[in-house]
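With my numbering applied, the sequence shown corresponds to residues 621 to 805, in that order.
All residues carry an ideal CB built from backbone N, CA and C; glycine is no exception.
Here the structure is a predicted model, which means the values were calculated and not measured.
Okay, structure first, notes after.
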Amino acid sequence: RTWADIGITLAPQVVSGFPGWVAPLAANGVAAGGAPQTVFQLLPLTAPGVTEYTIEIDGQQLRYRNTPPAWVNMVHPGPQGSSGAKISAVTYDGRTVDLFNEPGQFGLQKMIEAAAKKRLDASTHELRWSAGNVSVAVNLKRVSSTEATAGDAQASQGFRGLRLPDTIVGRASASAGPALAGAAQ
Numbered sequence: 621r622t623w624a625d626i627g628i629t630l631a632p633q634v635v636s637g638f639p640g641w642v643a644p645l646a647a648n649g650v651a652a653g654g655a656p657q658t659v660f661q662l663l664p665l666t667a668p669g670v671t672e673y674t675i676e677i678d679g680q681q682l683r684y685r686n687t688p689p690a691w692v693n694m695v696h697p698g699p700q701g702s703s704g705a706k707i708s709a710v711t712y713d714g715r716t717v718d719l720f721n722e723p724g725q726f727g728l729q730k731m732i733e734a735a736a737k738k739r740l741d742a743s744t745h746e747l748r749w750s751a752g753n754v755s756v757a758v759n760l761k762r763v764s765s766t767e768a769t770a771g772d773a774q775a776s777q778g779f780r781g782l783r784l785p786d787t788i789v790g791r792a793s794a795s796a797g798p799a800l801a802g803a804a805q
């Protein structure tokens with residue numbers, strides 16, 4: 621995060637590789653079951669009329685309380701073993717509103733299909749869900765997929781052969797998107 625434009629900027633290779641480096645920690649550095657995984661990021665957007673909202677995907681949780689947003693890394697399928705997707709919001713008058721709830725392995729897919737979508741750039745989409753007068757939105761960015769590149773397949777081998785980028789901190793180009801220190805949480 622930055623305050624008054626003061627902070628460090630991580631190199632784009634660090635931001636994109638970070639989820640693959642920490643994913644083996646859930647399995648104590650051992651490769652997981654070998655199922656293909658997709659790493660993506662969510663950036664919560666402010667939601668008028670809502671004090672907070674929660675997005676749960678395969679046991680991973682994003683809880684947003686209308687504070688300065690930060691990108692949150694998630695993996696599909698999730699490491700906890702529970703599958704499904706749920707979005708709920710708490711309004712100013714204390715009511716809890718369920719905007720989406722789909723258990724099962726296709727929960728994330730159905731959650732994306734149920735959203736009102738707006739393409740922001742080549743890799744980022746704004747997704748919005750509404751129920752009555754309550755609406756919440758996030759930006760979704762796909763980071764990597766184990767089916768996409770050999771580098772991501774390396775991540776499924778745990779820490780074996782792990783190689784960090786030569787540069788960790790540095791100015792990112794304007795097209796690289798948010799690459800702040802707070803993004804790697």
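Notebook entry, point to check: Can you give the Cα-Cα distance for Leu784 and Val670, rounded to whole angstroms?
Noted result: 40 Å
Note to self: Is it the case that the region 690-706 contacts the region 655-674, given that we only count it when at least three CB pairs across the two stretches are under 8 Å?
What the structure shows: yes
Notebook entry, point to check: Rounded to whole angstroms, how far is the Cβ of Met731 from the Cβ of Ala705, which I believe are closer than 8 Å?
Noted result: Correct: roughly 4 Å between the Cβ atoms.
Checklist line | Helix, strand or coil at Pro806 according to DSSP, with G and I counted as helix | finding: Outside the displayed span of the chain (621 to 805) sits residue 806, for which this structure offers no information.
Next item on the list: Note down the Cα distance separating Ile677 from Phe726, rounded to an integer number of angstroms.
Entry: 10 Å
Check: Ile788: buried (16+ other C-beta within 10 angstroms of its C-beta) or exposed?
Finding: exposed
Check: Are the Cβ atoms of Ala709 and Ala742 separated by less than 8 Å?
Finding: no
Item checked: Three-state secondary structure assigned by DSSP to Phe726 -> Assignment of Phe726 by DSSP, reduced to helix, strand and coil, places it in the coil class.
Note to self: Please tell me whether Val758 and Leu630 are closer than 8 Å, where the distance is taken between their beta carbons.
What the structure shows: no
Note to self: Within a Cβ cutoff of 6 Å, which residues of the same chain sit near Ile707, ignoring the five residues on either side of it in sequence?
What the structure shows: Once the five neighbours on either side are set aside, the close Cβ partners of Ile707 are Ile675, Leu719, Phe720 and Trp749.
Next item on the list: Under 8 Å Cβ to Cβ from Ser636, same chain only, skipping five residues before and after it: list those, please.
Entry: Shown here for Ser636: same chain residues with a beta carbon closer than 8 Å to its own, the five before and five after excluded, namely Val763 and Ser764 in chain order.
Next item on the list: Output the distance between the C-alpha atoms of Tyr673 and Asp713, rounded to the nearest integer angstrom.
Entry: 14 Å
Next item on the list: On a CA-only basis, which of Arg715, Ser703 and Trp691 is nearest Gly724? Give me that one, please.
Entry: Ser703
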